[in-house]
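*Asks:* One structure, pasted below without further comment.
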Amino acid sequence: MRQVESGYASGEPIELKPYIGLAATYGSLVAVFALLFRRSGRPLPERVPLVDIAVLGVATFKLSRLLTRDRVTSFLRAPFTKYKGPGKAQEVMEEPRGEGAQHAVGELVACPFCSAQWLGTALACGYVVAPRATRVVGAALTAVTVADGLQYAHTALQERFD
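Numbered according to the working numbering, the sequence shown spans residues 5 to 166.
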């Protein structure tokens with residue numbers, strides 16, 4: 005593994021084992037869900053309407069920003085990240101801390117793009133098991149995203165005319 009890591013990182017010390025652990029955890033969770041769902045005997049939806057895909061997409065975006073950048077959820081990330089400073093739009097910027105698994109989890113919880121895969125999968129699993137409840141959660145997160153956009157637009161207009 006060290007040879008693979010050194011060839012991959014071009015001299016920088018990058019541990020790949022913790023990322024293997026994260027990928028294995030993700031794959032295992034998806035496999036367990038699929039197995040339990042199959043055993044339940046319930047059918048998968050024949051199709052997912054475009055509107056549901058859009059709502060789940062916006063909800064995944066908002067949830068990933070909320071969990072990776074929001075000041076109020078920083079206590080969840082604190083064991084794995086270090087505060088770097090304020091970001092734009094009242095968000096915070098953090099970087100992973102520690103080594104090994106702690107660092108890898110820090111990468112995951114500080115990156116909205118990385119965590120979106122996990123959160124989108126969780127919402128998709130919710131949609132398969134409880135589509136109505138998942139639509140409500142998705143609609144709420146989508147409404148918050150729209151409200152955020154309106155807040156930014158309002159602030160931009162105020163600044164323009166002040």
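Cβ coordinates follow ideal geometry from the N, Cα and C atoms, glycine included. Small disclaimer: the values here were computed from a predicted structure and weren't measured.
Here's a check: name, in chain order, each residue in its chain whose Cβ is nearer than 6 angstroms to the Cβ of LEU123, leaving out the five neighbours to either side.
*Replies:* Here the set comprises THR64, LEU67, SER68.
*Asks:* Assuming PRO22 and ALA108 are in contact, meaning their beta carbons sit under 8 angstroms apart, how far apart are those beta carbons, in whole angstroms?
*Replies:* About 3 angstroms separates the two Cβ atoms, so the contact holds.
*Asks:* Output the distance between the C-alpha atoms of ARG51 and SER44, rounded to the nearest integer angstrom.
*Replies:* Rounded to the nearest angstrom, the two C-alpha atoms are 19 angstroms apart.
*Asks:* Please go through the same chain and pick out, in chain order, the residues whose beta-carbon is closer than 6 angstroms to the beta-carbon of GLY142, but skip the five residues on each side of it.
*Replies:* So the list reads VAL59, LEU60, ALA63, once near-sequence residues are dropped.
*Asks:* Under the three-state reduction of DSSP, which class applies to GLY102: helix, strand or coil?
*Replies:* Residue state, collapsed to three classes: coil.
*Asks:* Between which two residues does the alpha helix (DSSP H) containing THR29 stretch?
*Replies:* Taken as a continuous stretch (DSSP letters only), the alpha helix (DSSP H) holding THR29 covers 21-44.
*Asks:* Looking at C-alpha atoms only, which residue of ILE57, ALA105, VAL34 is the closest neighbour of THR85?
*Replies:* When only C-alpha atoms are compared, the closest one is ALA105.
*Asks:* Apart from the five residues just before and just after LEU70, which ones in its own chain have a Cβ nearer than 7 angstroms to its Cβ?
*Replies:* Correct list, in chain order: THR77.
*Asks:* How would you write the range of the alpha helix (DSSP H) that PRO135 sits in, first residue to last?
*Replies:* Run containing PRO135: 135-165, per the alpha helix (DSSP H) assignment.
*Asks:* Per DSSP, GLY89 forms a beta bridge with which residues?
*Replies:* DSSP output for GLY89 lists MET97 as bridge partner(s).
*Asks:* Report, in whole angstroms, the separation of the C-beta atoms of LEU127 and LEU26, which I expect to be a contact under 8 angstroms.
*Replies:* In fact, because the Cβ distance is near 19 angstroms, the residues do not count as touching under 8 angstroms.
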